[in-house]
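For reference, the structure is listed below as structure tokens.
If you want it as structure tokens, here you go:
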């Protein structure tokens, strides 16, 4: 029994969930149809938006789920750390950048979640404009992205926790929102 306390837990499921979040955020439709900048910041913002959706759905589901999602969150920032190092950011600056990214994540979550909770596409689109399109606001693209996020939130809400923890995440199809009349 005591040796079981020191065994490393297999984290394949958490890794799969994180990979699903990133894969969805990297769908080409976001960068071509929604005109999200295909930059480090644009990619980061879409990963954050999808992670916020996932964590929002999983909140309040108990201790086991909370521990699971915490590990997914930790993977996110481990990946960001590794990416910064691969880009040549010095060790002394990586921690500062990760701190800024963490603040950005929580800032976005604190703005996106109330808009998602109230299904307010206009409020969500405005927040997306400030974060995803800060240099070149695109109101139509922002609103289409907001509708995509709201539909994804609905779909995640319809899924079981077990499916979501296994990485079977049924996101909305971004292609369906590319030409959405707004």
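Residue numbers (the numbering used here): 196 to 377.
In this text, a Cβ means the ideal position worked out from N, Cα and C, and glycines have one as well.
State buried or exposed for residue i, treating a residue as buried only when at least 16 other CB atoms are found within 10 Å of its CB.
i: residue 370; result: exposed
i: residue 385; result: Residue 385 lies beyond the range of the chain shown here (196 to 377); nothing can be said about it.
i: residue 272; result: exposed
i: residue 199; result: Note on residue 199: pLDDT 46, under 50, position unreliable in the model; no value is reported.
i: residue 277; result: exposed
i: residue 326; result: buried
i: residue 352; result: exposed
Tell me the rounded alpha-carbon separation between residue i and residue j.
i: residue 288; j: residue 376; result: 44 Å
i: residue 359; j: residue 284; result: 34 Å
i: residue 338; j: residue 270; result: 30 Å
i: residue 308; j: residue 267; result: 18 Å
i: residue 234; j: residue 264; result: 26 Å
i: residue 335; j: residue 323; result: 11 Å
Compute the beta-carbon to beta-carbon distance between residue i and residue j, rounded to the nearest angstrom, for a pair I have assumed lies under 8 Å.
i: residue 341; j: residue 304; result: Not quite, the Cβ-Cβ distance comes to about 15 Å (not below 8 Å), so this is no contact.
i: residue 356; j: residue 275; result: Actually they do not touch by this definition, with Cβ atoms about 26 Å apart.
i: residue 345; j: residue 320; result: Actually they do not touch by this definition, with Cβ atoms about 10 Å apart.
By the three-class DSSP mapping on this structure, what secondary structure does residue i have?
i: residue 200; result: Low per-residue confidence applies at residue 200: pLDDT is 46, beneath 50, and the placement is therefore not dependable enough to give any value.
i: residue 355; result: coil
i: residue 327; result: coil
i: residue 252; result: helix
i: residue 373; result: coil
i: residue 312; result: helix
i: residue 362; result: coil
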